[in-house]
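Inspection log for the structure reproduced underneath, given as structure tokens.
There are 2 protein chains.
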Amino acid sequence: MAQDMLLFWGSGSPPCWKIMIALEEKNLQGYHNKLLSFEKKDHKSKEVMDINPRGQLPTFKHGNNVINESYGACLYLESQFKSQGTQLIPDIPLEQALVYQRMFEGQTLQQKQSDVIYYTWRVPEAERHDSTVKRNKEALTAELQLWEGYLSKAGPYLAGKAFTMADVLCFPVIAYGFRFGLSQEKYPKLGQYYTLVKERPSVTASWPPHWLENPQGMDTLKDV
Amino acid sequence: MAQDMLLFWGSGSPPCWKIMIALEEKNLQGYHNKLLSFEKKDHKSKEVMDINPRGQLPTFKHGNNVINESYGACLYLESQFKSQGTQLIPDIPLEQALVYQRMFEGQTLQQKQSDVIYYTWRVPEAERHDSTVKRNKEALTAELQLWEGYLSKAGPYLAGKAFTMADVLCFPVIAYGFRFGLSQEKYPKLGQYYTLVKERPSVTASWPPHWLENPQGMDTLKDV
Numbered sequence: 001m002a003q004d005m006l007l008f009w010g011s012g013s014p015p016c017w018k019i020m021i022a023l024e025e026k027n028l029q030g031y032h033n034k035l036l037s038f039e040k041k042d043h044k045s046k047e048v049m050d051i052n053p054r055g056q057l058p059t060f061k062h063g064n065n066v067i068n069e070s071y072g073a074c075l076y077l078e079s080q081f082k083s084q085g086t087q088l089i090p091d092i093p094l095e096q097a098l099v100y101q102r103m104f105e106g107q108t109l110q111q112k113q114s115d116v117i118y119y120t121w122r123v124p125e126a127e128r129h130d131s132t133v134k135r136n137k138e139a140l141t142a143e144l145q146l147w148e149g150y151l152s153k154a155g156p157y158l159a160g161k162a163f164t165m166a167d168v169l170c171f172p173v174i175a176y177g178f179r180f181g182l183s184q185e186k187y188p189k190l191g192q193y194y195t196l197v198k199e200r201p202s203v204t205a206s207w208p209p210h211w212l213e214n215p216q217g218m219d220t221l222k223d224v
Numbered sequence: 001m002a003q004d005m006l007l008f009w010g011s012g013s014p015p016c017w018k019i020m021i022a023l024e025e026k027n028l029q030g031y032h033n034k035l036l037s038f039e040k041k042d043h044k045s046k047e048v049m050d051i052n053p054r055g056q057l058p059t060f061k062h063g064n065n066v067i068n069e070s071y072g073a074c075l076y077l078e079s080q081f082k083s084q085g086t087q088l089i090p091d092i093p094l095e096q097a098l099v100y101q102r103m104f105e106g107q108t109l110q111q112k113q114s115d116v117i118y119y120t121w122r123v124p125e126a127e128r129h130d131s132t133v134k135r136n137k138e139a140l141t142a143e144l145q146l147w148e149g150y151l152s153k154a155g156p157y158l159a160g161k162a163f164t165m166a167d168v169l170c171f172p173v174i175a176y177g178f179r180f181g182l183s184q185e186k187y188p189k190l191g192q193y194y195t196l197v198k199e200r201p202s203v204t205a206s207w208p209p210h211w212l213e214n215p216q217g218m219d220t221l222k223d224v
């Protein structure tokens, strides 16, 4: 059934990676996919815009069903293929509640991390302020410390003993943080988590190709 | 079973309102709840912080299961009470895909709207720029036009003929827009949608009390 699926994706994009990990976990290998280049503005090409009026990656289709939003696509895959591959949302209410809680807290982590990483990319030079950068970095530090606390209390995965949808959706964000220079010494629990999950088959199978070609990342987050 | 539930909420907060609409739709009236004041910083009180280390509203508990993230809480309620009240996530794959798609596009709408409404509240005076305000307003206009298009092609609800989780999660954001001065003339489809859904029993039952007391809103979005 993965033959009915089409994913347009960009290398290293956390939202794309989330769907790719979900596809692997649900044993949906063999889906059609096309690696596109943000630099060449492929995401604004007709083949993407026809499916996704926002002109963004990921762009994802299952048969005629379009779900370009990464959270939506992952929830859709879990719902449609519930009994196939890894069960990503547990049935036990207490466990399910924690998975839903962490999944969406991950959006705050992504937001705060993006505010730092993309600052100079998003904000025109004339509108930049050191005070904003400082505040954004402090907000990210506080956010990361919250996650350190979660992993100290329960682990090794984000919602406890099992790999769940919380990991599918948040691991790419955390990996992106380390790619951009986050310190494993300052955030040892997140570092351990990263080390554990990066060896997972679904993650190695979908590892961003340009990170393999160029293992050296950036240092944008080195003083966070 | 609603007796096992506790919601701390703030009047007019879209994330709180989302959970309240979901509770109504799932026939979970009678849940314990406490209206708190953002002005008095009740959301940083011990009773909230004990359940929600982020010190935010909504704060929500079902028995011992804590889900403070509004999207997470709504998905949890739908999952736990699937056959009770309104089915908010359809089973038919094509319909389900559209619901998941619109649910998460709603986060972009909320983000872009918040960037305009909260600008002076979030950004210190020394860091403000007219050019940022202009860009944020243009981004919101483009976003709203996208939703006008969606409602022109299919309606009357956000994912078509039925009221779904997309409406639970996005209506409070759209209502908030109109409360802050959005023009029903400029966005007629969204205006029709607003007029339709605001009469829905789940929505009237959970209408922000301070909007009832003071029906006059703001004009922050009047030129968007």
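Chains A and C supply the protein sequences, listed in that same order. Mapping to full-length UniProt numbering: the first sequence position 50 is 50, numbers consecutive. Mapping to full-length UniProt numbering: the second sequence position 98 is 98, numbers consecutive. Built from N, CA and C at the ideal position, the CB exists for glycine as well.
Roughly how many angstroms separate the alpha carbons of residue i and residue j, rounded to a whole number?
i	j	result
V168(C)	F81(C)	15 Å
T164(C)	Y194(C)	15 Å
P15(C)	G106(C)	12 Å
A205(C)	T86(C)	15 Å
Y187(C)	K161(A)	48 Å
L146(C)	Q192(A)	42 Å
L23(A)	Y76(A)	11 Å
G149(C)	P156(A)	45 Å
G55(A)	L140(C)	16 Å
L182(A)	E138(C)	34 Å
residue 248(C)	L94(C)	Because chain C spans 1 through 224 in this model, residue 248(C) falls outside it and cannot be assessed.
V133(C)	N136(A)	19 Å
N68(C)	M103(A)	11 Å
R200(A)	Q184(C)	51 Å
K46(C)	G30(A)	51 Å
G177(C)	Y119(C)	14 Å
G63(C)	M5(C)	6 Å
K222(A)	W207(C)	46 Å
S131(C)	T108(A)	26 Å
S114(C)	L144(C)	13 Å
Can you check DSSP and say which residues form a bridge with residue i?
i	result
K61(A)	L6(A), V66(A)
K44(A)	The partner list for K44(A) (beta bridge, DSSP) is empty, contrary to what the question assumes.
G160(A)	Y157(A)
L35(C)	W9(C)
Less than 7 Å separating the beta-carbons of residue i and residue j?
i	j	result
I21(A)	S202(A)	yes
K198(A)	L151(A)	no
M218(C)	F171(C)	no
A154(A)	N65(C)	no
K26(C)	Q84(C)	yes
A175(A)	V99(A)	no
V173(A)	Q110(A)	yes
I51(C)	T220(C)	no
Are there 16 or more other CB atoms within 10 angstroms of the CB of residue i, so buried, or fewer, so exposed?
i	result
Q3(C)	exposed
W121(A)	exposed
A142(C)	exposed
A73(A)	buried
residue 303(A)	No answer is possible for residue 303(A): it lies beyond the span of chain A, which begins at 1 and ends at 224.
E78(C)	buried
P124(C)	exposed
K61(C)	buried
K112(C)	buried
P58(C)	buried
residue 233(C)	This structure gives no information on residue 233(C), because the portion of chain C shown stretches from 1 to 224.
A126(C)	exposed
S70(A)	buried
I89(C)	buried
M1(A)	exposed
I92(C)	exposed
S13(C)	buried
Chain B beta carbons: is any one of them nearer than 7 Å to that of residue i?
i	result
P93(C)	Protein chains in the displayed structure are A and C, and chain B is not among them.
Between the segment 6-15 of chain C and the segment 31-40 of chain C, do three or more beta carbon pairs fall short of 8 Å? Output reads yes: the segment 31-40 of chain C touches the segment 6-15 of chain C.
Assess contact between the segment 203-213 of chain A and the segment 36-51 of chain C, defined as three or more Cβ pairs (one per stretch) separated by less than 8 Å. Is contact present? The answer is no - the segment 36-51 of chain C does not touch the segment 203-213 of chain A, with fewer than three Cβ pairs under 8 Å.
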